[in-house]
Amino acid sequence: LVSREIYPHDTVIEVGNTPVGGDRFAIMAGPCAIESYDQLLETAKQVKAAGATVLRGGAFKPRTSPYSFQGLGLEGLKIMEQVGKEVGMDTITEIMDVNDLDDVARYTSAFQIGARNMQNYTLLKAVGETKHPVLLKRGLSATIEELLLAAEYIVATGNPNVMICERGIRTFETATRNTLDLNAVAFIKEKSHLPVIVDPSHGTGVRTLVGPMAKAGVACGADGLIIESHRNPRESVSDAAQALSADDFSQLMQQLIPFIKAS
Ligand code: PEP
Ligand code: MN
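Residue 303 is where the sequence shown starts when you use the working numbering, and the numbers rise one by one after that.
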């Protein structure tokens with residue numbers, strides 16, 4: 303069902319009021335984690351002013367260490383709804399547990415399935431039973447075929463509103479956090495009609511590399527970008543090394559405008 307052989311035309315997905323896919327390019331941005339109402343509000347205003355229309359931010363965080371900040375949970379979802387309304391942005395947040403499905407769907411415009419859950423088939427089927435848009439992130443060591451089959455799970459269960467996200471994979475290279483696989487973007491655009499979003503933040507893990515790889519993502523045919531930005535990057539409770547300041551984010555958006563199809 304996700305194959306272009308079956309549906310040759312680009313699928314356009316509505317994330318709230320933001321169309322993603324076809325000739326519409328989407329910018330999703332915000333902090334890695336929702337830390338407080340003030341933090342999310344300030345960051346939302348900054349990224350919206352720079353051109354983002356979808357606000358990202360995790361309420362449930364899949365941290366490598368159990369001692370790291372795990373997210374504000376339900377309170378974070380409520381903050382996100384409030385800030386989204388106040389600033390006039392659509393919203394996206396990660397869902398980690400089937401039990402949170404109703405809350406996440408109610409308070410936000412789209413589900414994000416994180417890299418660590420790409421093959422959580424119970425979760426894929428659960429979001430497949432809704433019509434809520436889903437951003438499916440590529441697993442840490444998942445092949446493109448595994449990624450497309452994970453997307454197939456969601457669509458086959460009944461939800462056609464799937465966006466695929468390339469966020470870097472594990473390779474022998476350790477100079478950067480992950481290796482952003484831009485082959486995958488061009489390859490998936492050829493094989494599938496679903497929109498493809500590039501995440502240069504997790505793809506590199508390095509603030510100064512986010513801009514160059516965002517541009518590269520646009521150049522190879524992505525339908526959108528998801529970028530981490532923080533009002534005070536050095537104080538970000540998670541993924542501080544890859545967070546862009548408001549100024550850096552705004553400058554990047556200015557540089558990208560000539561290259562993106564529409565927004
Ligand atoms: C995130 O978007 O903050 C995140 C945890 O991403 P990933 O699942 O790609 O690691
Ligand atoms: Mn992150």
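The beta carbon of each residue, even a glycine, is placed where N, CA and C say it ideally should be.
Using CA atoms only, rank isn't needed, just tell me which of the options is closest to residue i.
i	options	result
alanine 412	Asp501, Ile315 and Ala521	Ile315
methionine 555	Ser538, Ser540, Leu527 and Ala545	Leu527
lysine 387	Val464, Gly318 and Asp404	Gly318
alanine 453	Val429, Ser443 and Leu442	Val429
leucine 442	Asp404, Leu482, Asp399 and Tyr339	Leu482
tyrosine 455	Lys439, Thr473, Thr478 and Leu426	Leu426
serine 422	Val406, Lys439 and Val508	One point to set straight first is that residue 422 is asparagine, not serine, in the sequence displayed. Of Val406, Lys439 and Val508, the residue nearest in Cα terms is Lys439.
leucine 437	Arg472, Ser494 and Ala417	Ala417
alanine 542	Val349, Arg306 and His504	His504
threonine 355	Ala328, Leu496, Asp405 and Val457	Ala328
proline 560	Ser538, Cys522, Lys517 and Pro535	Lys517
valine 385	Thr424, Gln341 and Asn419	Gln341
asparagine 419	Asp405, Leu449 and Lys347	Leu449
leucine 403	Ala361, Leu357 and Ile446	Ala361
cysteine 522	Ser538, Leu546 and Glu492	Glu492
alanine 548	Ile490, Arg479 and Ala351	Ala351
glycine 470	Asn461, Ile446, Thr459 and Ala458	Ile446
arginine 358	Asn485, Thr459, Thr473 and Glu383	Glu383
glutamine 414	Ala346, Lys363 and Pro368	Lys363
threonine 366	Gln553, Ser540, Ser552 and Leu546	Ser540
proline 535	Arg306, Asp325 and Glu344	Glu344
threonine 410	Leu379, Ser370 and Thr424	Leu379
Check the DSSP bridge columns for residue i and list the partner residues they point to.
i	result
leucine 527	Ile329 and Val500
isoleucine 315	Val322
arginine 358	Ile394
threonine 459	The partner list for threonine 459 (beta bridge, DSSP) is empty, contrary to what the question assumes.
cysteine 334	Its beta-bridge partners do not exist; DSSP assigns none.
serine 305	Ser494
glutamate 468	Val500
glutamine 556	Its beta-bridge partners do not exist; DSSP assigns none.
glutamine 414	Glu396 and Leu437
threonine 481	Ile471
leucine 546	Ser531
Cβ of residue i versus every heavy atom of ligand 4: is any distance shorter than 7 Å?
i	result
cysteine 334	The ligand content of the structure shown is limited to ligand 1 and ligand 2, which means ligand 4 is not among them.
Quick one: measure Cβ to Cβ for residue i and residue j, integer angstroms, because I've assumed they're closer than 8 Å.
i	j	result
aspartate 550	valine 322	Rounded, the Cβ-Cβ distance is 24 Å, inconsistent with contact.
valine 487	valine 498	5 Å
asparagine 463	lysine 433	6 Å
aspartate 506	glutamine 544	The identity of residue 506 in the sequence shown is threonine, whereas the question assumes aspartate. At roughly 7 Å, the Cβ-Cβ gap stays under 8 Å, so threonine 506 and glutamine 544 are in contact.
valine 500	isoleucine 562	With a Cβ gap of about 12 Å, valine 500 and isoleucine 562 do not count as contacting.
proline 435	methionine 465	7 Å
tyrosine 339	isoleucine 381	5 Å
threonine 313	histidine 495	5 Å
valine 457	valine 349	That pair is no contact at about 30 Å.
valine 508	threonine 478	6 Å
The region 385-394 in contact with the region 360-375 per 3-pair CB rule at 8 Å: no
Contact between the region 529-548 and the region 321-336 (3+ Cβ pairs under 8 Å): The region 529-548, when compared against the region 321-336, does touch it at the 8 Å Cβ threshold.
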